[in-house]
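Colleague: At the far end of the sequence shown sits residue 75, using the working numbering, and the numbering has no gaps. We treat Cβ as the ideally placed atom computed from N, Cα and C, and that holds for glycine. Only a predicted model underlies this, so the values are computations on that prediction, with no experimental measurement involved. One structure, as structure tokens, below. Some questions next.
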Amino acid sequence: MACDHLRGLPDPAPLTPGGCQECLASGGRWVHLRRCRTCGHVGCCDSSPGRHATAHFQATRHPVIRSHQPGETWSWCYVDEVMLG
Ligand SMILES: [Zn+2]
Ligand SMILES: [Zn+2]
Ligand SMILES: [Zn+2]
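Written out as structure tokens, the structure is:
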């Protein structure tokens, strides 16, 4: 596999299961949700105005997010820019 970041990540439960943490706090809106596989932060996707999932990576360097959309199980590594099954 092209990415080694997933190894050993806890894949924690979402901190804010109902939506993007920053958008919930600010009253913002999101399109899709992504969950950080390091800390469980839930942020919105790059199609959302806030782009908080990417902002979370840039602030924390937590490398891998997973889709928080129902029925979607894929993950994405920001460092390697690779989709993970
Ligand atoms: Zn990686
Ligand atoms: Zn957001
Ligand atoms: Zn995180």
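Looking at the strands, I want to know which residues DSSP matches up with C26.
Modeller: Residue mapping note: residue 26 aligns to position 36 of the sequence shown, counting from 1. Looking at the DSSP assignment, C26 forms a beta bridge with I55.
Colleague: When DSSP labels each residue in this structure, what does C13 get in the three-state scheme?
Modeller: Reading the sequence shown from its first residue, position 23 is the one you call residue 13. The answer is helix: DSSP assigns C13 an H, G or I state.
Colleague: Is the number of C-beta pairs between the segment -5 to 3 and the segment 14 to 24 that are closer than 8 Å three or more?
Modeller: Verdict: no, contact absent.
Colleague: Distance, Cα to Cα, R51 vs T44?
Modeller: To locate residue 51, count along the sequence shown from 1; it is residue 61. To locate residue 44, count along the sequence shown from 1; it is residue 54. Distance between the alpha carbons of R51 and T44: 10 Å.
Colleague: Rounded to a whole number of angstroms, what is the C-alpha to C-alpha distance between L(-4) and P60?
Modeller: As a first step, residue -4 must be located in the sequence shown, where it is residue number 6. As a first step, residue 60 must be located in the sequence shown, where it is residue number 70. Between L(-4) and P60, the C-alpha separation is close to 21 Å.
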